[in-house]
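Visitor: Please find one structure pasted underneath; my questions will follow.
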């Protein structure tokens, strides 16, 4: 079932990913308006693809011998999911989340460039248009720190939630 669903849904997910956000943003702004929801949607679209692909890869890339063993012992599909597939997908998920969090940070800033009157993206745009280079660098530095902190947070949550998994 999962493999068939993946073959049906994945082309649509890829189609959304390959569309430039510059083309999607005006449609979202028309449908939702220039508000926080539109910025959340744009940011989510930028970070959605790596998470879906990584999770799908982790769920599919399972040692079939473990699945066969559990099935031969009479395990249900839900037990196989919770005991084999989910733990196997977590390393893939957290790699994807680390990639996605940087994309989400960039997406949020770009959305603030376009449609906001608050936030670091707006501050950076305002500083650039008024040739305030110091403030531009300060905002850029803060964005870098925020991105690094978010990346580290995801990394820490990944390590805490997977004590059995250590990178080689």
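Numbering (my numbering), first residue to last: 945 to 1112. From the three backbone atoms N, C-alpha and C, an ideal C-beta is built for every residue, glycine too.
Answer yes if the segment 977–991 comes into contact with the segment 1002–1020, meaning at least three C-beta pairs across the two stretches below 8 Å, and no otherwise.
Guide: At 8 Å Cβ cutoff, the stretches do not touch.
Visitor: Does the segment 1031–1038 come close enough to the segment 991–1010 that 3 or more CB-CB pairs lie under 8 Å?
Guide: Touching, yes, given that three or more Cβ pairs across the two stretches are closer than 8 Å.
Visitor: Near residue 1068, what residues of its chain come up, given a Cβ to Cβ distance below 7 Å and the 5 sequence neighbours on each side ignored?
Guide: Start at 1 with the first residue of the chain shown, and residue 1068 comes out as number 124. Closer than 7 Å at Cβ, skipping near neighbours: 1080, 1083 and 1084.
Visitor: Fully enclosed by the segment 1048–1105, which alpha helix (DSSP H) runs are 4 residues long or longer?
Guide: Qualifying alpha helix (DSSP H) stretches, in chain order: 1064–1073 and 1077–1105.
Visitor: Using alpha carbons as the reference points, say which of 981, 1041 and 1074 lies closest to residue 1094.
Guide: The residue labelled residue 1094 in the question sits at position 150 within the chain shown. That would be 1041, whose Cα lies nearest to the Cα of residue 1094.
Visitor: Tell me whether the beta-carbon of residue 987 lies closer than 8 Å to the beta-carbon of residue 1048.
Guide: Along the chain shown, read from residue 1 onward, the residue named residue 987 stands at position 43. Along the chain shown, read from residue 1 onward, the residue named residue 1048 stands at position 104. Cβ distance < 8 Å, so residue 987 and residue 1048 count as in contact.
Visitor: From which residue to which residue does the alpha helix (DSSP H) around residue 980 run?
Guide: Translated into the one-based positions of the chain shown, residue 980 becomes position 36. Residues 980–1004.
Visitor: Under three-state DSSP, which class holds residue 1107?
Guide: Residue 1107 sits at position 163 when you count from the first residue of the chain shown. Correct three-state label for residue 1107: coil.
Visitor: Looking at residue 1086 and residue 1072, is the spacing between their C-beta atoms short of 8 Å?
Guide: What you label residue 1072 is simply residue 128 of the chain shown in a count that begins at 1. What you label residue 1086 is simply residue 142 of the chain shown in a count that begins at 1. Their beta carbons are not under 8 Å apart, which means residue 1072 does not touch residue 1086 by this criterion.
Visitor: Can you name the start and end residues of the alpha helix (DSSP H) that residue 1015 belongs to?
Guide: Translated into positions along the chain shown, residue 1015 becomes position 71. Run containing residue 1015: 1008–1016, per the alpha helix (DSSP H) assignment.
Visitor: Suppose you measure from the CA of residue 1108 to the CA of residue 1008; what does that come to, to the nearest Å?
Guide: Sequence index remark: in the chain shown, residue 1108 carries index 164 (1-based). Sequence index remark: in the chain shown, residue 1008 carries index 64 (1-based). The straight-line gap from Cα to Cα measures roughly 20 Å.
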